[in-house]
Structures are given as C-alpha cells and as structure tokens.
Amino acid sequence: MSAKLDRKRLNLKALRAFECAARLGSFSRAADELCVTHAAISHQIKALEQQLKAELFIRQGNGVELSNSGKRLQPHIKAAFDKMEAAIDTAFTLTRGKSVGVTATPSFASKWLVPRLARFRSRYPDIDVRVQPTLAYLNFEESVDVGIRCGKPPWAGLKHDPLMPIHLMPVCSPAFLAGIPKPKKPEDLLKVPLIHADIDTRPVGEEWQLWLTAYGVNSPSALPGESFHDPALAMNAALNGFGLAMGYQELMADEIAAGQLVTPFPKPVRHPLSYYLVYRDLGSEPESVGKFRKWMRAEAAANDKN
Numbered sequence: 000m001s002a003k004l005d006r007k008r009l010n011l012k013a014l015r016a017f018e019c020a021a022r023l024g025s026f027s028r029a030a031d032e033l034c035v036t037h038a039a040i041s042h043q044i045k046a047l048e049q050q051l052k053a054e055l056f057i058r059q060g061n062g063v064e065l066s067n068s069g070k071r072l073q074p075h076i077k078a079a080f081d082k083m084e085a086a087i088d089t090a091f092t093l094t095r096g097k098s099v100g101v102t103a104t105p106s107f108a109s110k111w112l113v114p115r116l117a118r119f120r121s122r123y124p125d126i127d128v129r130v131q132p133t134l135a136y137l138n139f140e141e142s143v144d145v146g147i148r149c150g151k152p153p154w155a156g157l158k159h160d161p162l163m164p165i166h167l168m169p170v171c172s173p174a175f176l177a178g179i180p181k182p183k184k185p186e187d188l189l190k191v192p193l194i195h196a197d198i199d200t201r202p203v204g205e206e207w208q209l210w211l212t213a214y215g216v217n218s219p220s221a222l223p224g225e226s227f228h229d230p231a232l233a234m235n236a237a238l239n240g241f242g243l244a245m246g247y248q249e250l251m252a253d254e255i256a257a258g259q260l261v262t263p264f265p266k267p268v269r270h271p272l273s274y275y276l277v278y279r280d281l282g283s284e285p286e287s288v289g290k291f292r293k294w295m296r297a298e299a300a301a302n303d304k305n
C-alpha cells in the first residue's frame, strides 16, 4: 500500500465500511450496523482497494477475513475513527455540558462543599454536580472537570485558582473541655488526649507541631494521640468527646457557631497549605464548569468574610 492520499481524495464512507467490516469480521454484519445493503459494503470496500491498489480482504466462500494489508491498515483506521468520535464528543460537551465532575478530599466534600450544594442547585437547576471524594488525584480526562486540592501549586498540566487559606485551631466538645483542668498555657494541651487529622501524605502530628510552634512551644518531636488521617474524621471524634483535635477553622465554622465545638485558644494559626481550584487549560470550557468555578470562588469569598 504505497498510495499516498490527500484529504480531498479520502472516501470516509469506504473507510467506515472497512473499519466496520474488519471489526465485525463480516460484510453482512457491517451492513446491518451501518444500515445499508451487503452490496453497498462490498462496493465501498472494492473502491477502497482499487484506490489503495491493495487487497484488504480475502474472500472465501460466504465469509471474509483480513489480508496482510488489511491487518496493517485496520488498527490505524480504528484509532482514527475513535479520535474523531472523541473530538466530536468533546466539542459538543463544550457547548452544551450540563454536568460538572468534581473531585475533593472527603473532609472538604463533606464539611464544606456538600452543605453548600443546595445553593448551587437553586441557582443552576439544570446543572448536575458529580462529587467524587478521594485523597487520590483522579484523571481529569476521564471523569473530572474541577478539583479542589489542598497543597501548594503548581500541578502538572493543570491551571489553578486560589480558593481559600487554611487556619489551624485546637477544638473539642464543650463536655470534654469541662472535664479537664482548664488549660492556661498552650503547652498544657500536651497533657490531654490529642487527635491528629494529618492525611496520609503528611507526618502524624505535623499540624499540632505547626500550631504549638506558632504559640512558642517547644514540643516533643513525636506526639501521642489517635490519628484518623482525615480532618472530617478527627472533627467527628472531637464532637463525640474523644479528645482535642487540631482542626481546620474553615471546615469547622458551622460547628463552632453552633457551640458544638469549642477551643481553649481562639487565635488560629495559618497553615502553610491552602485550598485551590484546579482544572485543565482547554482554551474554552463547558459553560457548566465555568459557572461552577465562579460559584465556588464566590462561596469561598463569602466564607472568608464571615
């Protein structure tokens, strides 16, 4: 097959007939799939063979099988049609996308995002939000349009918008605080059961160390206590009187306002990490994704004022 074709001479019908017949191993089944006659498939493939000056199928009895030339051509034609279908799907998604795939850590999803989604739905009732809570980085090309990540940019292949800072604050239930000697100095907290919220990628006790250092306390290199590797779980443990948790002020605002969580030292400490919105740089994006990102930034700004 040495023939070189330019785009003007490409016969897409013939190529489609070849791809279908090669995939199904039958002219008749290809005709059924493409809603044409067996004769039409045969004619299209014969025309393609004449154009390429190569036999693509070996006809034997009532069946056909790919020739060596057909076997070389088939994977390339299949890949080309797969790419065209993906491109068309992307183009239409960009113009009429009505859903947003969102990934976030379980703590951010449960304590901050989900409680606010009713406001998004009331404003944009025609846009569905698909939340995927995970500590892993998911593939943006498959199921994710927007990610909320806790960390420091950049992230390879992604754009980022600052969403909100993180502030550390020790919290516990009112009953737990009433049941321990009243802490007068930050180092007094080292005498009570501690709860650690550090996720798997951070050393256990690191956030307590950050807070204690900011308060001028030289704490031990290793701190005792229970570790849940997730701020939401640590917060729930504190709510249930399990101990004193180092929590994220931005995720605990509702519980603190309701008096369900209290703190012996109300001055928060700035975490070195922040929350960011991350997304692919597509040049243009589905309208639904743009609306969601704008809404998220507005919600975060309102949260920062409260």
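The opening position of the sequence shown corresponds to residue 0 in numbering that gives the first Met the number 0, with each subsequent residue numbered one higher.
C-beta: ideal position from N, C-alpha, C; glycine also.
- In the DSSP annotation of this structure, the continuous segment of the alpha helix (DSSP H) that includes alanine 256 starts and ends at 248–256.
- In the structure shown, phenylalanine 80 adopts helical secondary structure according to DSSP, grouped into three states.
- Rounded to the nearest whole angstrom, the CA to CA distance from serine 283 to leucine 260 is 43 Å.
- Within the same chain, and ignoring the five residues on either side of alanine 46 in sequence, the residues whose Cβ sits closer than 6 Å to its Cβ are Ala13.
- In the DSSP annotation of this structure, lysine 52 is not part of any alpha helix (DSSP H), being labelled neither H nor E.
- For tryptophan 210, the closest of Gly224, Ala108 and Leu188 by C-alpha to C-alpha distance is Leu188.
- Between leucine 162 and tyrosine 274 the beta-carbon gap is near 4 Å, inside 8 Å, which marks them as a contact.
- In this structure, leucine 276 lies near aspartate 160, with their beta-carbon atoms less than 8 Å apart.
- Counting C-beta pairs with one atom in each stretch, the region 97–104 and the region 130–140 have three or more that are closer than 8 Å, which means they touch.
- Straight-line spacing of the CA atoms in alanine 135 and proline 263 works out to 34 Å.
- The beta carbon of tyrosine 247 is closer than 6 Å to those of Ile165 and Pro230 in its chain, skipping five residues each way along the sequence.
- Annotation: the continuous beta strand (DSSP E) that includes threonine 102 extends over 98–103.
- Lysine 12: member of the alpha helix (DSSP H) spanning 11–23, first to last residue.
- Look at valine 128 here: in three-state DSSP terms it is strand.
- Selection Thr36, Gly242, Pro267 and Val288 evaluated against serine 226 yields Gly242 as nearest (Cα-Cα).
- Contact between alanine 244 and isoleucine 194 holds: their C-beta atoms lie close to 4 Å from each other, under 8 Å.
- Beta-bridge partners of leucine 167 (DSSP): Tyr247 and Val268.
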